[in-house]
Amino acid sequence: MIASACKKLTPTEYLPKFNAWCKKREQDTPLFQYWATELELQLLVLVYVRSLCQTSFTLYLDALTGLAPWFHALDHTNYARRLPVLLQLSVRNAKSIGHDQFQTFTRQHLMEETKPVDAILHRNKLKLFSASISSKGSKGKEQLASLKHDVSLFSWLYIGCQTRDGNLEEFFRHKNQACPPTLSDGGSIHLYTKSDLLACLGDLSVAQTEAPPATSVVLGAAAVLQMLKPAAARNFEEYAQEVFIPYKSTKLQTASRHDLVFERYVADSLKCTARAKRGQGVCKRVVGSATIPGNWQNFLRVDSNKTELFKFLSDALLTWFDKEHKQLVITDGQAVLSKLVLPDLASIAPCNHEEADSRMLLHASQQGHHKILIQTVDTDIVVLVVSVVQGVHQDELWLAFGTGNSFRYLAAHKMATCLGPEKARALPMSFALTGCDSVQFFWSL
C-alpha cells in the first residue's frame, strides 16, 4: 500500500522544491537558518577540496565564487580584497587571455612567419594568490618609518604615563615593537657575520703565513669544491684530472696521511632551511663526459648534484692514488674508503654525522698523528676545534683558514691554552647565541 502510494507521488506535483522549502524554513525558524548556513559553508569547503583533488578548474571557480561573499561578511580583509581580483582579472579570464595569445603566436610565428619562433614573449603577470600586494621598500625607508612610529608612540605613552603617575623606569622596560630589535631587523632575524669571531680569537695567538709542519691533513670537500672553479675544464672528467687531483697531489707532498671528508645531505634536515636561503640551481647528472655547467655556484646549490659529484671525484681520486708510504682516507656516505687500507675503521665508520664539521674532528682525533692540519673556510670548525683540542692527544692542531689574501694558519692548541679549559668548552654555546647563522642571536651582545 505504501509502495503504491509512493509510486503515485512525483516531486513536481506533490513536493515543494528543496531550495524553496529551505528558504521558507530559514525565514520562519532562526535555528533552521543557523544549521542551513553551517551546511552551506561545509559543502563549499568540501567542493573546494574536491576541485583540488580532481584538478577541476570549473569546480574550483564555483567554489571560490561561493566563498567570496563570506569573506566580505566575516571581515576577512585580505581574502575579501584579493579574491574578486583573482576571479575577475585573472582566473576567469586566464583561459581567454591564453587562447588569444596562442592564436596570435600561431598566426605570426608559424603561418605568416613575420616573427621568429624564439622572439621574446610578453609576460602576463596575472594577479594570482602568489603575487605580492606591494613591493618591499628600501631598508633606509623602513627604518625611518619605524623611527617616526616610535616617536609618535612614545609621545602618547609618555603623556599617558605622566597622567596616571606611572613609573618611568618601569615604562621604558617594555618594548614597543612587534618584532624585538634585539633579535630581528625589519621582521627578519639578525644574520651575524660569523668570521667576526676570529678577530677575538686572533688576539690569543699570532697567525702565520708559512705552513706549519704537519704529518696529517684533514680537508672538508665541500669547501674545496667551492674554491676550485672548473676554469678551462670542459667536462667532469677534465675537472677531476686537471683541477681536483692536482690540488690534492700538492697536499700529499708534505703530509703522510690525507683525509677528505664529504658532507651528507639528509632529506628533511634542519640544514635544508639554511641551504635554501643560498638560492636554487638545476639538477644535472654527473658523469665523466657530461659538460661542466656554466654557473658553478648554482650547480653546487643542489644537494643531489653535490652528492653525485662527491662520488665521482672520490672514485677518480682513489683510482689515481698510488703513492707509497702515503695514506688516503675518503668518506663515502656513512662508510670510509682508504688507500693504503686502514687496519681498523671502527673508530670512524660507520658515522652518521651529517655535517663535515664534527666528522673532520673525529678523523683528526682518531688517526694517531701528533701534528695535524685542518683546512677550512668555516668559522664553525674553528670554534669546535678550539673547544675540544685540549681533550684530544695531539701535540699541535693547526687550522688553515680562509682563501686568497685572507688565508693564514691558526694555532688552535695555543688559542685553547690561552682561553683555559672552562672558557674553551663554553665557546660553542656562546657562539650559538651570538654568531650562528641558523640561530637567532642577540644584537650588540
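Numbering-wise (the working numbering), the sequence shown opens with residue 190 and increments by one.
We treat Cβ as the ideally placed atom computed from N, Cα and C, and that holds for glycine.
Quick check on the DSSP output: the beta strand (DSSP E) that includes residue i runs from which residue to which?
i           : result
residue 642 : Here the chain comprises residues numbered 190 to 634, so residue 642 is not present and cannot be evaluated.
residue 528 : 524–528
residue 585 : 585–590
residue 563 : 560–565
With DSSP as the reference, identify every bridge partner of residue i, one or two as the case may be.
i           : result
residue 446 : 405, 516
residue 599 : 588
Assuming residue i is part of the alpha helix (DSSP H), what are its boundary residues?
i           : result
residue 387 : 386–391
residue 440 : 434–440
residue 328 : 328–352
residue 548 : 545–554
residue 364 : Premise fails: residue 364 is in no alpha helix (DSSP H) and is neither H nor E.
residue 536 : Where residue 536 is concerned, there is no enclosing alpha helix (DSSP H), given that its DSSP letter is neither H nor E.
residue 307 : No alpha helix (DSSP H) contains residue 307, which DSSP labels as neither H nor E.
residue 415 : 410–416
residue 568 : 568–577
Per DSSP, what kind of secondary structure is residue i in: helix, strand or coil?
i           : result
residue 481 : coil
residue 502 : helix
residue 459 : coil
residue 394 : coil
residue 374 : strand
residue 430 : helix
residue 424 : strand
residue 319 : Bear in mind that the predicted position of residue 319 carries a pLDDT of just 49, short of 50, making it unreliable; the figure below should be weighed with that in mind. Three-state DSSP puts residue 319 in coil, outside helix and strand.
residue 489 : coil
residue 288 : helix
residue 218 : coil
residue 470 : coil
residue 636 : As displayed, the chain neither begins before 190 nor continues past 634, which places residue 636 out of reach and without an answer.
residue 206 : coil
residue 261 : helix
residue 231 : helix
residue 213 : helix
residue 369 : coil
residue 400 : coil
residue 298 : helix
residue 358 : helix
If I measure Cβ to Cβ from residue i and keep anything under 7 angstroms in the same chain, skipping five residues before and after, which residues do I get?
i           : result
residue 233 : 252, 255, 256
residue 614 : 576
residue 555 : 536, 537
residue 512 : 441
residue 529 : 516
residue 286 : 313
residue 568 : 383, 384, 386, 387
residue 539 : 523, 524
residue 496 : 454
residue 482 : 473, 488
residue 418 : 485
residue 620 : 386, 572
Sorted by chain position, which residues of the same chain lie with C-beta nearer than 8 angstroms to residue i's C-beta, five sequence neighbours on each side aside?
i           : result
residue 571 : 386, 387, 390, 565, 588, 590, 599, 601
residue 311 : 290
residue 641 : One cannot answer for residue 641 here, as it falls past the ends of the chain, which runs 190 to 634.
residue 404 : 444, 445, 446, 558, 559, 560, 561
residue 209 : none
Tell me which residues share the same chain as residue i and place their Cβ nearer than 6 angstroms to its Cβ, disregarding the 5 neighbours each side in the sequence.
i           : result
residue 603 : 394
residue 478 : 424
The stretch 585–595 contacting the stretch 437–449, beta-carbon criterion three pairs below 8 angstroms: Result no; under three Cβ-Cβ pairs closer than 8 angstroms.
Contact the stretch 504–520 vs the stretch 441–461: 3+ CB pairs below 8 angstroms: In short, these stretches touch, since the Cβ pair count reaches three.
Segment contact flag, the stretch 403–412 with the stretch 541–561, C-beta cutoff 8 angstroms, min 3 pairs: Result yes; three or more Cβ-Cβ pairs closer than 8 angstroms.
Contact the stretch 424–437 vs the stretch 501–509: 3+ CB pairs below 8 angstroms: At 8 angstroms Cβ cutoff, the stretches touch.
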